[in-house]
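Residue numbers (the numbering used here): 8 to 70.
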């Protein structure tokens, strides 16, 4: 977040993407929950294990 603030301060173009503020959420509650479920089921386990071990475990489950 500090880096983004630094870029905003240094950027002279007021129309820049980096200076855009999000006014309201663009996701519905259902979309947010679905994304959260995908993260918890797939992304988090991969981050917590080595990729090799994760895929080995997936192969064992499919067998």
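Where is the CB? At the ideal position from N, CA and C, for every residue including glycine.
With a threshold of 8 angstroms on Cβ separation, who are the neighbours of residue i within its own chain once the five nearest residues in sequence on each side are excluded?
i           : result
residue 42  : 34
residue 118 : Here the chain has residues from 8 to 70 only, and residue 118 is not among them.
For residue i, which residues from the same chain have a beta carbon less than 7 angstroms from its beta carbon, with the 5 sequence-adjacent residues on both sides left out?
i          : result
residue 62 : none
residue 19 : none
For residue i, which of helix, strand or coil comes out of DSSP?
i          : result
residue 33 : coil
residue 19 : coil
residue 56 : coil
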